[in-house]
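Mapping of the sequence shown onto numbering that gives the first Met the number 0: position 58 corresponds to residue 57, and the numbering continues sequentially without gaps. All C-beta atoms in this analysis are idealised placements derived from N, C-alpha and C, irrespective of residue type, glycine included.
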Amino acid sequence: MPISVRRVATQPTPKLGARTPTPYPRTPQAAPVPAAAAFDDFMELSEPRDFAPGSGTWGEPEDLAARVRWRYVQGLQVILQRQLEVLVERHQVGAFVCAVAGIVWVRWVAASRVFDGIWVHQVLEDHKATGRENCSSSRDNKKHDEVKYESDDDMLLQRKDRRKVEFAFLRSLRMMLPVYSTLAVCFLACHIAREAILPSDIYRWAMEGNIPYVAAFTEVDRFLGNSFQDCPLDARQLFRPVRVIGAWQLEAAAGSIAQKVGLRLPSVNFYAIAHRCLKDLLLPIDRILPHACRIYEWAMPAELWLSSNPARVPTRVCVMAILIVALRLLYNINGQGIWEICEEGRNTSESHHDTNSSTSRKLEASNSEEFGTRELLCAIAAAYDKINTTHDYSSDLRSYLKYCKEVIFTGITFSDEENHLIEIFWDMYKAREDDNPKDHVKSQSNSVEDIPITNGVKKHYRDGAFVEASSFSASSGHDEMQMLKSEMQDHGFHYMPPRKPRKSDGYLRYRRKRLSGGFVYVAHADYYMLLRAFAKLAEIDIRIMHISVLKLERRLACIEEQIERSLNTLQNFSTATGDELRSVSD
Numbered sequence: 000m001p002i003s004v005r006r007v008a009t010q011p012t013p014k015l016g017a018r019t020p021t022p023y024p025r026t027p028q029a030a031p032v033p034a035a036a037a038f039d040d041f042m043e044l045s046e047p048r049d050f051a052p053g054s055g056t057w058g059e060p061e062d063l064a065a066r067v068r069w070r071y072v073q074g075l076q077v078i079l080q081r082q083l084e085v086l087v088e089r090h091q092v093g094a095f096v097c098a099v100a101g102i103v104w105v106r107w108v109a110a111s112r113v114f115d116g117i118w119v120h121q122v123l124e125d126h127k128a129t130g131r132e133n134c135s136s137s138r139d140n141k142k143h144d145e146v147k148y149e150s151d152d153d154m155l156l157q158r159k160d161r162r163k164v165e166f167a168f169l170r171s172l173r174m175m176l177p178v179y180s181t182l183a184v185c186f187l188a189c190h191i192a193r194e195a196i197l198p199s200d201i202y203r204w205a206m207e208g209n210i211p212y213v214a215a216f217t218e219v220d221r222f223l224g225n226s227f228q229d230c231p232l233d234a235r236q237l238f239r240p241v242r243v244i245g246a247w248q249l250e251a252a253a254g255s256i257a258q259k260v261g262l263r264l265p266s267v268n269f270y271a272i273a274h275r276c277l278k279d280l281l282l283p284i285d286r287i288l289p290h291a292c293r294i295y296e297w298a299m300p301a302e303l304w305l306s307s308n309p310a311r312v313p314t315r316v317c318v319m320a321i322l323i324v325a326l327r328l329l330y331n332i333n334g335q336g337i338w339e340i341c342e343e344g345r346n347t348s349e350s351h352h353d354t355n356s357s358t359s360r361k362l363e364a365s366n367s368e369e370f371g372t373r374e375l376l377c378a379i380a381a382a383y384d385k386i387n388t389t390h391d392y393s394s395d396l397r398s399y400l401k402y403c404k405e406v407i408f409t410g411i412t413f414s415d416e417e418n419h420l421i422e423i424f425w426d427m428y429k430a431r432e433d434d435n436p437k438d439h440v441k442s443q444s445n446s447v448e449d450i451p452i453t454n455g456v457k458k459h460y461r462d463g464a465f466v467e468a469s470s471f472s473a474s475s476g477h478d479e480m481q482m483l484k485s486e487m488q489d490h491g492f493h494y495m496p497p498r499k500p501r502k503s504d505g506y507l508r509y510r511r512k513r514l515s516g517g518f519v520y521v522a523h524a525d526y527y528m529l530l531r532a533f534a535k536l537a538e539i540d541i542r543i544m545h546i547s548v549l550k551l552e553r554r555l556a557c558i559e560e561q562i563e564r565s566l567n568t569l570q571n572f573s574t575a576t577g578d579e580l581r582s583v584s585d
């Protein structure tokens, strides 16, 4: 459509060859620009025009900062809302956590001071200072030549400067309100609501995509609309996390948020977490849990409260340590060699059935407590193999490819054609896998393979089932113990042989020794079986679990010593008072 041009009367009549050029068509995202103002009086443009979408619409840096900040805070709130919905709907968390998380989130945003008026000027000053340092360093390395810039170069420089300012605001926002703070707020809300949710659960669900985190930026535009109208940065640049923080850092982040917003937190819900751990290990809850609760109420260690210190032992490790001490007290696990007896009896059951049965009957009749300890250790060894610490996407190739498609590489396509091509390739792969099942499954069912099991017991795979090595070889008991000793050595433990029988076996406390510049931990096989099972359940190193147990034992010993000292003082006081009363009566 031709544009009508208003001419000034004083201007000379232009030549017939001169013709006003037709303007470029505007993109839908660009702001409407009056056509007459651009060509009035045939005046030259005061500044070069950029035909990129949305150029020239951001205005002052303060306006740009407000847009980026509002979009970022709104997007994080949407991600937090989606995470809470998934926790309630899929992971059976109480709906009360949503109300708690909302209050914590509002207070956390206010404590971050991200909406302060001074924030924009501070970021701009830091950006200018960084720019001056870069310019001074580059001026020293370059020759001082005269350079003439065209208008296109000026536009490019202006565009780069604006882009740098945008990312300066984004870096500051990510420092004040990190993306992982949504996970920390979720865990903190579960902690306040007394839910039996561990930080390792939040970490695992975030890694596997069971909680919106890595690919949560794809849902922000769906809830808030297209970000380009309000913010020059897209959702992937704003909310795509660099990595998933571990369970240890997640708990420290939750403690830091609670400290900054001024929350007085309770200790962890020991009863619920201990009940869950005993249930996962298939142990008798009614017998063990009451004794563990007594130790918890008596000791009340400080490690059961959240802390902002990232170097402190996590709270779940302290819960496991209390359970280990309770098990050792109840079942008298003090290095008597019960696990070695259990292994010998299981390995010689085929060759010496009669002798072993008579020996076991004598053992049951003479010491029922020892028989209960054997059952406990065997149950813990069986439960240790069933604890799955690997992620779901690592089970097979199809699961891993699906995980990469839906979580890792989601949102990187720029057109519908790319998405359609990816779907075609994915359908081709699934069809090919369905047509060609794995051939080695059939061969495995007809053969016997040695598969090392992580509990120190060597097993075989035959006819689709695991069979203990004792059914194949009666002399494999030494190999199993050697594997257990080798595993202990790999984790920094030194195997101790069983203690000799004593008339009164008290509670055995272990110590660590420093040899050749490092610590060496000594332990019996019975105690090590407890340590590694609870360490695997807590997803923590065995040595850290052992250190936590030692610390709890020292605390309990100190409490017992103080109680004994107080009782002796009270007894001496009562004796002295009685003597005085007798002297007065006489």
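Legend entry - Reduced DSSP secondary structure (H/G/I, E/B, other) of residue 385: On the sequence shown, residue 385 is found 386 positions in, with the first residue counted as 1. Correct three-state label for residue 385: helix.
Legend entry - Cutoff 6 Å; reference residue 373; Cβ partners in own chain excluding five residues on either side: In the sequence shown, residue 373 corresponds to position 374, counting from 1. The residues 337 and 341, in chain order, have a CB closer than 6 Å to that of residue 373 in the same chain once the five nearest residues on each side in sequence are set aside.
Inset, instruction - Under 7 Å Cβ to Cβ from residue 308, same chain only, skipping five residues before and after it: list those, please. - result: Position 309 of the sequence shown, counted from the start, is the residue given in the question as residue 308. Answer for residue 308: 251, listed in chain order.
Inset, instruction - Classify residue 396 as buried or exposed, calling it buried when 16 or more other Cβ atoms lie within 10 Å of its own Cβ. - result: Position 397 of the sequence shown, counted from the first residue, corresponds to residue 396. When all chains shown are included, residue 396 counts as exposed.
Inset, instruction - Rounded to whole angstroms, what's the CA-CA distance from residue 109 to residue 380? Just pull it up for me. - result: For the purposes of this step, residue 109 is identified with residue 110 of the sequence shown, where counting begins at 1. For the purposes of this step, residue 380 is identified with residue 381 of the sequence shown, where counting begins at 1. Taking C-alpha positions only, residue 109 is separated from residue 380 by approximately 49 Å.
Legend entry - Backbone secondary structure at residue 522 - three-state DSSP: Start at 1 with the first residue of the sequence shown, and residue 522 comes out as number 523. Residue state, collapsed to three classes: strand.
Legend entry - Which of helix, strand or coil DSSP assigns to residue 95: The residue given as residue 95 occupies position 96 in the sequence shown. Three-state DSSP puts residue 95 in a helix.
Inset, instruction - Work out the CA separation of residue 194 and residue 591 for me, nearest whole Å. - result: Because the chain spans 0 through 585 in this model, residue 591 falls outside it and cannot be assessed.
Inset, instruction - Measure from the alpha carbon of residue 223 to the alpha carbon of each residue in 71, 173, 94 and 186, then state which is nearest. - result: The residue you call residue 223 lines up with position 224 of the sequence shown. Comparing C-alpha distances from residue 223 to each of 71, 173, 94 and 186 shows the shortest one belongs to 71.
Legend entry - One or two residues paired with residue 492 in a DSSP bridge: As a first step, residue 492 is located in the sequence shown; it is residue number 493 there, counting from the start. Residue 492 pairs with 520.
Inset, instruction - Tell me whether residue 556 is buried or exposed, calling it buried when 16 or more other Cβ atoms sit within 10 Å of its Cβ. - result: Mapped onto the sequence shown, residue 556 falls at position 557. Exposed is the call here.
Legend entry - Proximity winner among 262, 169 and 508, relative to residue 190 (alpha-carbon distances): Stepping through the sequence shown from its first residue, residue 190 is reached at position 191. Nearest of 262, 169 and 508 to residue 190, Cα basis: 262.
Legend entry - Collapsed DSSP secondary structure at residue 159 in the structure displayed: To locate residue 159, count along the sequence shown from 1; it is residue 160. Helix.
Inset, instruction - Would you check if the region 419-433 and the region 231-242 touch, i.e. whether three or more CB-CB distances between them fall below 8 Å? - result: Short answer: they don't touch.
Inset, instruction - Return helix, strand or coil for residue 375, following the three-state DSSP convention. - result: Residue numbering aside, residue 375 sits at position 376 when the sequence shown is read from its first letter. Note: residue 375 maps to helix in three-state DSSP.
Inset, instruction - Inspect the CB distances between the region 81-91 and the region 117-131 and report whether three or more fall short of 8 Å. - result: Taking a cut-off of 8 Å for Cβ pairs, the region 81-91 and the region 117-131 do not touch, as fewer than three such pairs fall below it.
Legend entry - residue 326 - containing alpha helix (DSSP H), residue span: Within the sequence shown, numbered from 1, the residue matching residue 326 stands at position 327. Counting along the chain, the alpha helix (DSSP H) containing residue 326 begins and ends at 314-330.
Legend entry - Nearest candidate by alpha-carbon position, reference residue 287, set 327, 416 and 267: Against the sequence shown, residue 287 aligns to sequence position 288. Of 327, 416 and 267, the residue nearest in Cα terms is 327.
Inset, instruction - Go through its chain and collect everything with a Cβ distance to residue 319's Cβ below 6 Å, but skip five positions before and after it. - result: Within the sequence shown, residue 319 is the residue found at index 320, counting from 1. So the list reads 533 and 537, once near-sequence residues are dropped.
Inset, instruction - Determine, using beta-carbon pairs with one atom in the region 207-216 and one in the region 400-412, whether at least three such pairs fall under 8 Å. - result: At 8 Å Cβ cutoff, the stretches touch.
Inset, instruction - Might you give, ordered along the chain, the residues of its own chain that have their beta carbon closer than 6 Å to the beta carbon of residue 565, omitting 5 neighbours on each side? - result: Position 566 of the sequence shown, counted from the first residue, corresponds to residue 565. Hits under 6 Å: none found.
Legend entry - For residue 65 and residue 384, the rounded distance between their alpha carbons: Counting from 1 along the sequence shown, the entry for residue 384 is found at position 385. Counting from 1 along the sequence shown, the entry for residue 65 is found at position 66. Going from the Cα of residue 384 to the Cα of residue 65 covers about 54 Å.
Inset, instruction - Indicate the three-state DSSP secondary structure (helix, strand or coil) for residue 499 in the structure shown. - result: The sequence position of residue 499 within the sequence shown is 500, counting from 1. Residue 499 sits in coil when the DSSP states are folded into three classes, being neither helix nor strand.
Legend entry - Nearest-angstrom Cα separation, counted from residue 94 out to residue 525: Residue mapping note: residue 525 aligns to position 526 of the sequence shown, counting from 1. Residue mapping note: residue 94 aligns to position 95 of the sequence shown, counting from 1. It is roughly 42 Å from the alpha-carbon of residue 525 to the alpha-carbon of residue 94.
Legend entry - Rounded distance between the beta-carbons of residue 542 and residue 493, thought under 8 Å: Here residue 493 refers to the residue found at position 494 of the sequence shown. Here residue 542 refers to the residue found at position 543 of the sequence shown. Actually they do not touch by this definition, with Cβ atoms about 12 Å apart.
Legend entry - Segment contact flag, the region 290-306 with the region 268-278, C-beta cutoff 8 Å, min 3 pairs: Short answer: they touch.
Legend entry - Bridge partner(s) assigned by DSSP for residue 514: Numbered from its first residue, the sequence shown carries residue 514 at position 515. According to DSSP, which records beta bridges pairwise, residue 514 is partnered with 517.
Inset, instruction - To the nearest angstrom, report how far apart residue 213 and residue 201 are at their CA atoms. - result: Translated into positions along the sequence shown, residue 213 becomes position 214. Translated into positions along the sequence shown, residue 201 becomes position 202. Taking the straight line joining both Cα atoms gives about 13 Å.
Legend entry - Separation of residue 187 from residue 92, as counted between CA atoms: Here residue 92 refers to the residue found at position 93 when the sequence shown is read from its first residue. Here residue 187 refers to the residue found at position 188 when the sequence shown is read from its first residue. Residue 187 has its alpha-carbon roughly 13 Å from the corresponding atom of residue 92.
Inset, instruction - Please state whether DSSP places residue 574 in a helix, a strand or coil. - result: For this step, residue 574 is matched to residue 575 along the sequence shown. Here DSSP, grouped into helix, strand and coil, assigns residue 574 to helix.
Inset, instruction - Starting from the C-beta of residue 522, find all residues in its chain whose C-beta is less than 8 Å away, skip the five residues before and the five after it, and write them out in chain order. - result: Locating residue 522 in the sequence shown gives position 523, where the first residue counts as 1. 487, 492, 493, 494, 495, 509, 530 and 545, listed in sequence order.
Legend entry - Cα-Cα separation between residue 68 and residue 75, rounded to whole angstroms: Here residue 68 refers to the residue found at position 69 when the sequence shown is read from its first residue. Here residue 75 refers to the residue found at position 76 when the sequence shown is read from its first residue. Straight-line Cα distance between these residues: approximately 11 Å.
Inset, instruction - Report the three-state DSSP secondary structure of residue 567 (helix, strand or coil). - result: Here the question's residue 567 lines up with position 568 in the sequence shown. Judged by DSSP in its simplified three-state form, residue 567 adopts helix.
Legend entry - Distance CB(residue 302)-CB(residue 485) smaller than 9 Å: For the purposes of this step, residue 302 is identified with residue 303 of the sequence shown, where counting begins at 1. For the purposes of this step, residue 485 is identified with residue 486 of the sequence shown, where counting begins at 1. Between residue 302 and residue 485, the gap from beta carbon to beta carbon reaches 9 Å or more.
Legend entry - residue 148 versus residue 414 - alpha carbon distance: Position 149 of the sequence shown holds residue 148. Position 415 of the sequence shown holds residue 414. No answer about residue 148 holds up, because its pLDDT of 45 lies below 50 and its placement is not dependable.
Legend entry - C-alpha distance - residue 458 paired with residue 339, whole-angstrom precision: The count along the sequence shown starts at 1 and reaches residue 458 at position 459. The count along the sequence shown starts at 1 and reaches residue 339 at position 340. Because the pLDDT at residue 458 is just 43, under 50, the model does not fix this residue reliably, and the point stays unresolved.
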